[in-house]
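Visitor:
In my numbering, the protein residues as written are 25 to 352.
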């Protein structure tokens with residue numbers, strides 16, 4: 025065997041090993057981003073810390089947040105509600121908590137939590153709407169709480185699940201006037217769902233700190249919270265996501281879906297959001313068809329707007345909803 029042949033064979037082996045390494049890294053990336061309970065998912069985290077910060081201003085916000093959350097948790101645990109279920113189009117079992125007003129009401133809100141959130145995060149929104157006269161449905165997204173599923177859909181799978189919950193409400197109340205309110209991935213879920221021609225009972229939507237698209241969001245996280253050298257691996261992760269989870273990271277786009285929207289949409293974002301960058305609100309706003317408005321809460325971080333300035337936050341929400349749902 026000639027030296028050239030040996031060198032070529034060695035190069036082929038090294039290339040094969042390199043490809044296997046890239047696939048391994050991409051698979052670990054999919055686990056870390058999309059597979060709850062996996063070792064990589066648990067290691068990466070991105071979970072909110074409950075440790076009180078040292079900075080005086082951050083400490084004030086932290087304490088306010090804890091007070092609001094504790095009040096909302098108490099409301100959730102002591103307000104009559106029921107566990108309700110539906111099935112996703114792919115057969116996944118979906119769970120939610122339903123809080124109904126004792127006096128019959130056609131006003132409904134569906135609250136959609138974020139990436140690693142749950143009902144203990146969204147009950148703050150639920151309490152506000154309930155006290156405003158709404159029936160409240162707090163969703164547990166697929167892979168969370170009592171819902172089933174193996175992969176996080178980053179809004180692309182969850183938008184179809186949300187449609188099932190909308191249909192669930194309409195079956196109970198065909199005259200329902202439904203508001204959709206979500207934060208972070210929940211906000212993206214709502215924006216993606218708006219592009220799928222929702223029923224006329226969907227009267228308005230509120231998206232708080234939702235991203236423009238899954239590919240854009242993962243690219244931002246890799247560059248700013250991990251290492252930009254991993255960006256090329258995202259292309260392989262996209263292929264693995266199609267195989268393992270059934271959807272494309274590139275296709276899962278809020279911006280593209282919003283171009284088909286007709287539902288009144290309020291976009292909210294924190295001015296200091298360094299996880300879903302604040303600039304994404306304007307990209308979503310420009311893309312959105314239909315009636316729309318936007319509001320940035322100064323100095324608020326990711327998912328912190330309702331705590332940073334609750335009066336301004338909720339005044340904007342109620343003003344928008346009163347303007348667009350009063351006749352429904």
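Quick reminder that beta carbons are idealized off the backbone N, C-alpha and C, glycines included.
Using 8 Å as the threshold, is the C-beta distance between residue 135 and residue 118 below it?
Guide: For this step, residue 135 is matched to residue 111 along the chain shown. For this step, residue 118 is matched to residue 94 along the chain shown. Contact annotation: residue 135 and residue 118 have beta-carbon atoms that are not nearer than 8 Å.
Visitor: Starting from residue 316, follow its DSSP beta bridges and name the residues at the other end.
Guide: Numbered from its first residue, the chain shown carries residue 316 at position 292. Its beta-bridge partners are 289.
Visitor: How would you call residue 343, buried or exposed, if buried means at least 16 neighbouring beta carbons within 10 angstroms?
Guide: Here residue 343 is taken as the residue at index 319 of the chain shown, counted from 1. Under this definition residue 343 is an exposed residue.
Visitor: By Cβ distance, which residues of its chain are closer than 7 Å to residue 148, with the 5 residues on each side in sequence left out?
Guide: If you number the chain shown from 1, residue 148 lands on position 124. For residue 148, where only same-chain residues beyond five positions count, the Cβ hits under 7 Å are 92, 93, 96, 330.
Visitor: How many Å lie between residue 66 and residue 60 at the Cα?
Guide: Residue numbering aside, residue 66 sits at position 42 when the chain shown is read from its first letter. Residue numbering aside, residue 60 sits at position 36 when the chain shown is read from its first letter. Distance between the alpha carbons of residue 66 and residue 60: 7 Å.
Visitor: Where residue 73 and residue 339 are concerned, what is the direct C-alpha to C-alpha distance, given to the nearest angstrom?
Guide: As a position in the chain shown, residue 73 is number 49, starting the count at 1. As a position in the chain shown, residue 339 is number 315, starting the count at 1. Bear in mind that a pLDDT of 46 at residue 73, under 50, signals an unreliable position, so the number given afterwards is only what the model happens to contain. Near 28 Å, if we compare the C-alpha coordinates of residue 339 and residue 73.
Visitor: Who does residue 122 pair with in a DSSP beta bridge?
Guide: Taking the first residue of the chain shown as 1, we reach residue 122 at position 98. Paired residue(s): 106, 161.
Visitor: Sort out for me which residues DSSP pairs residue 232 with in a bridge.
Guide: The sequence position of residue 232 within the chain shown is 208, counting from 1. According to DSSP, which records beta bridges pairwise, residue 232 is partnered with 207, 292.
Visitor: Just confirm the distance between the C-beta atoms of residue 312 and residue 289, as a whole number of angstroms; I'd bet it's less than 8 Å.
Guide: Translated into the one-based positions of the chain shown, residue 312 becomes position 288. Translated into the one-based positions of the chain shown, residue 289 becomes position 265. Sure, about 6 Å apart at Cβ, within 8 Å.
Visitor: Can you pull the DSSP bridge partners for residue 45?
Guide: In the chain shown, residue 45 corresponds to position 21, counting from 1. DSSP output for residue 45 lists no bridge partner at all.
Visitor: What three-state label does DSSP hand residue 73 in the structure shown?
Guide: Here the question's residue 73 lines up with position 49 in the chain shown. Any reading at residue 73 is ruled out, since the residue's pLDDT is 46, under 50, leaving its predicted position unreliable.
Visitor: Along the chain, where does the alpha helix (DSSP H) that runs through residue 338 open and close?
Guide: The residue labelled residue 338 in the question sits at position 314 within the chain shown. Looking at the DSSP string, the run of the alpha helix (DSSP H) that includes residue 338 is 334 to 349.
Visitor: Can you look up residue 142 in the DSSP assignment and give me helix, strand or coil?
Guide: Taking the first residue of the chain shown as position 1, residue 142 is located at position 118. Reduced to three states, the DSSP call for residue 142 is coil.
Visitor: Please classify residue 230 as buried or exposed, where buried requires at least 16 other C-beta atoms within 10 Å of its C-beta.
Guide: Here residue 230 corresponds to residue number 206 of the chain shown, with the count starting at 1. It counts as buried.
Visitor: Return the chain-ordered list of same chain residues with a C-beta closer than 8 Å to the C-beta of residue 295, the five sequence neighbours on each side being excluded.
Guide: Locating residue 295 in the chain shown gives position 271, counting from the first residue. Once the five neighbours on either side are set aside, the close Cβ partners of residue 295 are 302, 320, 321, 322, 323, 324.
Visitor: Applying the 10 Å Cβ sphere with the 16-neighbour rule, what's the burial state of residue 45?
Guide: Position 21 of the chain shown, counted from the first residue, corresponds to residue 45. By the neighbour-count rule (16 or more Cβ atoms within 10 Å), residue 45 is not buried but exposed.
Visitor: Do three or more CB pairs link the stretch 45 to 58 to the stretch 257 to 273 at distances below 8 Å?
Guide: yes
Visitor: When you compare the CB positions of residue 142 and residue 172, do they come within less than 8 Å of one another, or not?
Guide: Mapped onto the chain shown, residue 142 falls at position 118. Mapped onto the chain shown, residue 172 falls at position 148. No, these two residues do not count as a Cβ contact at 8 Å.
Visitor: Quick one: what does DSSP say residue 278 is sitting in, helix, strand or coil?
Guide: Your numbering for residue 278 matches position 254 in the chain shown. Note: residue 278 maps to helix in three-state DSSP.
Visitor: Does the separation of the CB atoms of residue 204 and residue 226 fall below 8 Å?
Guide: Taking the chain shown and counting its residues from 1, the one referred to as residue 204 is at position 180. Taking the chain shown and counting its residues from 1, the one referred to as residue 226 is at position 202. Yes, the pair counts as a contact, with Cβ atoms nearer than the cut-off.
Visitor: Sorted by chain position, which residues of the same chain lie with C-beta nearer than 7 Å to residue 110's C-beta, five sequence neighbours on each side aside?
Guide: In the chain shown, counting from the first residue as 1, residue 110 sits at position 86. Once the five neighbours on either side are set aside, the close Cβ partners of residue 110 are 118, 188, 189, 192.
Visitor: My output table needs one value for residue 243: the three-state DSSP class, helix, strand or coil.
Guide: Here residue 243 corresponds to residue number 219 of the chain shown, with the count starting at 1. Note: residue 243 maps to helix in three-state DSSP.
Visitor: Helix, strand or coil for residue 63, going by three-state DSSP, please let me know.
Guide: In the chain shown, the residue the question calls residue 63 occupies position 39. Helix, per DSSP.
Visitor: Taking only three categories from DSSP, how would you classify residue 261?
Guide: Taking the first residue of the chain shown as 1, we reach residue 261 at position 237. Here residue 261 sits in helix by DSSP.
Visitor: Can you give me the start and stop residues for the beta strand (DSSP E) that residue 189 sits inside?
Guide: In the chain shown, counting from the first residue as 1, residue 189 sits at position 165. Taken as a continuous stretch (DSSP letters only), residue 189 belongs to no beta strand (DSSP E), being part of the alpha helix (DSSP H) at 182 to 196.
Visitor: Give the single residue among 198, 297, 201 whose Cα lies nearest to the Cα of residue 234.
Guide: Within the chain shown, residue 234 is the residue found at index 210, counting from 1. Taking only the C-alpha atoms, the option nearest residue 234 is 297.
Visitor: Just to confirm before moving on: does the CB-CB distance between residue 159 and residue 201 stay below 8 Å?
Guide: Along the chain shown, one-based indexing puts residue 159 at 135. Along the chain shown, one-based indexing puts residue 201 at 177. Cβ distance not < 8 Å, so residue 159 and residue 201 don't count as in contact.
Visitor: Whole angstroms is fine: what's the gap from residue 68's alpha carbon to residue 112's?
Guide: In the chain shown, residue 68 corresponds to position 44, counting from 1. In the chain shown, residue 112 corresponds to position 88, counting from 1. Cα to Cα, the separation comes out at about 28 Å.
Visitor: My output table needs one value for residue 52: the three-state DSSP class, helix, strand or coil.
Guide: Locating residue 52 in the chain shown gives position 28, where the first residue counts as 1. Of the three classes helix, strand and coil, the one that applies to residue 52 here is helix, per DSSP.
Visitor: When the Cα of residue 126 is compared with those of 157, 98, 270, 120, which residue comes out closest?
Guide: Reading the chain shown from its first residue, position 102 is the one you call residue 126. Out of 157, 98, 270, 120, 157 has the C-alpha closest to the C-alpha of residue 126.
Visitor: Out of 153, 220, 139, point me to the one whose CA is closest to residue 165's CA.
Guide: Within the chain shown, residue 165 is the residue found at index 141, counting from 1. The residue with the shortest Cα to Cα distance from residue 165 is 139.
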